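Read the structure below first, then the notes.
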Ligand SMILES: [Zn+2]
């Protein structure tokens with residue numbers, strides 16, 4: 001770590017007082033040092049108690065646990081308290097007996113699902129349940145083996161597991177959207193894109209390694225609120241990163257911290273591992289949605305000029321940035337049943353932020369007002385301004401691509417479906433409910449069951 005600056009900066013935690021008033025606690029203070037080129041600030045795991053929405057949604061009202069006791073426990077362990085068992089999410093029965101069944105049967109089914117990990121209708125929710133909440137680690141280990149990355153980079157399996165376990169654990173399972181399942185979903189999509197014939201033959205093992213690593217870690221330790229929220233609440237991360245790509249910088253530098261803590265790349269020459277860290281940063285920072293137009297217009301220009309040369313490492317890196325951006329926002333391109341679940345989850349996360357802002361008399365951020373911003377309206381805006389323009393260019397780049405055709409077909413269908421739902425909501429004035437079922441379901445799209453099966457959705 002000689003070339004790095006390890007900061008223990010001011011950590012800000014929000015906690016709910018007995019009067020429901022928010023308190024901002026400066027637990028520590030630190031020097032800011034982000035402006036020097038070549039000096040990589042590494043964030044240490046567990047240094048930052050971020051915004052703990054679980055505290056604000058204490059289970060006291062639900063009568064689960066004696067409130068004071070639980071509050072203390074959560075404060076002490078910050079975000080990691082709920083990571084002990086994903087079974088607590090309620091999706092699986094939680095008895096010793098069922099755990100045995102889980103080991104024997106569910107993992108076998110998970111292994112079976114991995115045979116179709118490259119299909120576009122792979123159901124990551126089912127896969128996550130079958131792996132007992134370890135979808136990200138299981139998926140990454142599988143893909144590393146598929147590509148022979150362990151052998152190529154002479155990786156230590158113990159260190160790899162340690163690193164992946166840390167990444168998975170540092171996603172917040174209480175976030176409806178920005179959790180480890182989202183990371184696994186983005187990784188699975190990234191894998192599908194890396195397999196595109198236009199790209200696959202040109203990619204080096206390093207490209208594949210960085211693409212998968214960036215996908216897996218791109219949202220690590222996401223607090224479940226957006227950058228404007230961090231800025232207006234004067235969160236220390238906002239000042240640390242000078243209000244620019246705050247979350248993405250945190251995801252990247254946390255990843256670097258975990259890479260170094262696990263020693264995964266410690267056997268490589270320093271200049272090689274530092275270059276990998278920088279490239280991971282460049283990929284993760286590209287997911288900042290406020291830089292969408294910058295990337296989109298550059299991509300469009302390259303396609304217009306037909307001047308992309310994938311023999312060049314810099315051009316391949318640019319395409320990896322675009323591929324990761326696509327993977328990050330590909331939810332509306334999935335089959336409806338999967339797409340709908342992601343839409344509900346992301347809106348739930350927005351609404352939670354809005355509830356928080358309302359409760360503490362802050363201005364409610366755009367898209368975060370459950371009374372005004374319906375799920376269909378949010379989705380139509382997201383598809384029209386972000387997803388559709390990006391995937392139109394991605395289709396141009398990958399063509400001829402059965403996967404791109406499938407994704408565009410889903411995108412158009414899903415957009416039309418959200419339009420009908422919006423009108424239904426408006427007509428019945430039920431826009432305050434984030435319900436997304438249509439009165440008359442469409443034919444032709446399955447219920448999203450088994451993961452990776454049939455429906456003509458498979459890609460080569
Ligand atoms: Zn993401």
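In the UniProt record's numbering, the protein residues as written are 1 to 460.
Beta carbons are placed, not taken as given, at the ideal position from N, Cα and C, and that holds for glycine.
These figures come from a predicted structure and were not determined experimentally.
With respect to 8 Å, is the separation between the Cβ of residue i and the closest non-hydrogen atom of ligand 1 below this value?
i           : result
residue 186 : yes
residue 328 : yes
residue 219 : yes
residue 183 : yes
residue 287 : yes
residue 410 : no
residue 178 : yes
Looking at residue i: is its Cβ nearer than 9 Å to the Cβ of residue j?
i           : j           : result
residue 390 : residue 296 : yes
residue 469 : residue 324 : The shown model of the chain, from 1 to 460, leaves out residue 469, and the question about it has no answer.
residue 188 : residue 139 : yes
residue 249 : residue 240 : yes
residue 167 : residue 117 : no
residue 245 : residue 288 : yes
residue 130 : residue 110 : yes
residue 286 : residue 341 : no
residue 184 : residue 127 : yes
residue 149 : residue 186 : no
residue 198 : residue 332 : no
residue 405 : residue 229 : no
residue 224 : residue 180 : no
residue 160 : residue 190 : no
residue 251 : residue 217 : yes
residue 306 : residue 386 : no
Would you kindly work out how many angstroms separate the C-alpha atoms of residue i and residue j, rounded to a whole number?
i           : j           : result
residue 413 : residue 419 : 10 Å
residue 377 : residue 234 : 30 Å
residue 349 : residue 277 : 30 Å
residue 152 : residue 402 : 30 Å
residue 410 : residue 269 : 45 Å
residue 392 : residue 398 : 10 Å
residue 374 : residue 422 : 8 Å
residue 257 : residue 206 : 20 Å
residue 222 : residue 427 : 36 Å
residue 317 : residue 360 : 43 Å
residue 299 : residue 106 : 42 Å
residue 274 : residue 372 : 46 Å
residue 226 : residue 367 : 11 Å
residue 396 : residue 417 : 25 Å
residue 310 : residue 301 : 16 Å
residue 164 : residue 170 : 10 Å
residue 279 : residue 232 : 30 Å
residue 192 : residue 407 : 11 Å
residue 210 : residue 282 : 10 Å
residue 162 : residue 146 : 20 Å
residue 265 : residue 42  : 15 Å
residue 115 : residue 157 : 22 Å
residue 195 : residue 357 : 42 Å
Under a CB-based cut-off of 9 Å, is residue i close to chain E?
i           : result
residue 194 : Looking at the structure shown, chain E is missing, and only one protein chain is on hand.
Kindly provide the ranges of any alpha helix (DSSP H) runs that are 4 or more residues long and lie completely inside the segment 308–359, ordered along the chain.
-> Entirely contained in the segment 308–359, the alpha helix (DSSP H) runs reaching 4 residues are, in chain order, 313–328, 336–359.
Completely contained beta strand (DSSP E) runs for the segment 229–271, where each covers 3 or more residues | The segment 229–271 contains no whole beta strand (DSSP E) run of 3 or more residues.
What are the uninterrupted segments assigned as beta strand (DSSP E) that are 3 or more residues long and contained completely in the segment 148–236, given in chain order?
-> If only uninterrupted beta strand (DSSP E) runs of at least 3 residues are considered, none is enclosed by the segment 148–236.
Enumerate, from N- to C-terminal direction, the unbroken alpha helix (DSSP H) stretches of 4 or more residues contained entirely within the segment 366–416.
-> Runs of the alpha helix (DSSP H) lying entirely within the segment 366–416, each at least 4 residues long, are 375–382, 388–398 in chain order.
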